[in-house]
Every structure is written in C-alpha cells, then in structure tokens.
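Reviewing the structure listed below.
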Amino acid sequence: MADQNNNIFPITLLRDHLLPDLLTDDLSDITYWAGKNLAREFPLKGISAVINFFNDAGFGTLNIESQKATSQKWFLTGSLVETRMTESSKPDFFLEAGFLAQQTEQQIGSSAEAQVEFDKDTVIFTVLTIESAHMDE
1 MADQNNNIFP ITLLRDHLLP DLLTDDLSDI TYWAGKNLAR EFPLKGISAV INFFNDAGFG
61 TLNIESQKAT SQKWFLTGSL VETRMTESSK PDFFLEAGFL AQQTEQQIGS SAEAQVEFDK
121 DTVIFTVLTI ESAHMDE
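full-length UniProt numbering applies: residue 1 is where the sequence shown begins, and numbers increase by one.
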C-alpha cells in the first residue's frame, strides 16, 4: 500500500493540475472518451476483473453497491480518491466513469453511460444501460 501512496503526487499533478489547464472546458468529455477507449484496449470479463483493474491501475478501491436490470451503482474510495477530492476544487473522475461505462457495454452487449456524483470521500458512479441485462460474475 505504501507504493500507492508514493504514486499519489504524480497522479494528482497530472489529473488535477496539468490536464485541466490543457483541456479546460473539454476536460470531462475528453477524459470520459479516454476511459471508454482504455476499456476497449483492456477488455475485462466480469465484475471481479473490473474491481481488480481499478486497484491495479491505481484508480482506487472500487466496489459494486447495487445492481439492477438497467443500472449498477459503484463506489470508489481510497487514499488517492480522498487526496484528489481534498486537494482539488473540481476533481475529474470521468476517466473512471468512461471506463466503467464501456466495460459494462462490452460485457452485457448494450449501450451504457455513467454518471458521477460525490459523497464525502467517495465517488459514486451510476452506470445506466438501455436493455435489461446484468454484467457476468
């Protein structure tokens, strides 16, 4: 876990300082698209693989909180998430949202979009799908 803490500064520097300056008003749209593209590069099978990818990529600790016919609710937590939410006035988690949306789309075979909300030190992703289907375990 110490390695993850050592990686916080470079990630926050890039994600919360450099990219917002470069991309300005387009930040969320571009990072969402980039997350979807990243998911195409790294197709995963099942919820466990998605959770493990988030951990391995240093995105944070991902847990699925609920799963319904046309939606999933995911919680992202951890020291990186807490640091980004504390140190940035507008942390952008649309890379992760796009990644989740595309993984869901690939796994269930229907269109999916993700919404981002914040609650204290937690990022909440709601992934909405058009057809009634669940991700494979």
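Glycine included, every Cβ here is placed at the ideal spot set by N, Cα and C.
Practice task
For the alpha helix (DSSP H) holding threonine 61, just list the boundary residues, first then last.
Solution key: Run containing threonine 61: none in the alpha helix (DSSP H); it sits in the beta strand (DSSP E), 61 to 67.
Handout entry: Distance, tryptophan 74 Cα to serine 66 Cα
Key = Spanning the two alpha carbons is a distance of roughly 7 Å.
Handout entry: Alpha carbon of arginine 40 to alpha carbon of glutamine 103, nearest angstrom
Key = C-alpha separation (whole angstroms): 8 Å.
Practice task
Would you decide whether lysine 68 is buried or exposed? Buried here means 16 or more other CB atoms lie within 10 Å of its CB.
Solution key: Burial call: exposed.
Handout entry: Coarse secondary structure for threonine 12, derived from DSSP in three states
Key = Threonine 12 carries a helical assignment under DSSP once its states are collapsed to helix, strand and coil.
Handout entry: Contacting residues, own chain, Cβ-Cβ under 8 Å from phenylalanine 42 (five flanking each side not counted)
Key = If we look at phenylalanine 42 and ignore the five residues flanking it on each side, its Cβ neighbours are Phe53.
Exercise for the section: Report the option in Leu62, Trp33, Thr122, Glu113 whose CA atom is closest to the CA atom of proline 91. Expected result: Proximity to proline 91 across Leu62, Trp33, Thr122, Glu113 peaks at Thr122, based on C-alpha coordinates.
Practice task
Using the Cα positions of asparagine 7 and leucine 18, report the straight-line distance between them to the nearest angstrom.
Solution key: Each residue's CA atom was taken as its position, placing asparagine 7 and leucine 18 some 16 Å apart.
Handout entry: Backbone CA spacing between glutamate 87 and leucine 80 [nearest angstrom]
Key = Spanning the two alpha carbons is a distance of roughly 10 Å.
Practice task
Following the continuous beta strand (DSSP E) through lysine 73, name the residue where it begins and the one where it ends.
Solution key: 71 to 77 is the extent of the beta strand (DSSP E) around lysine 73.
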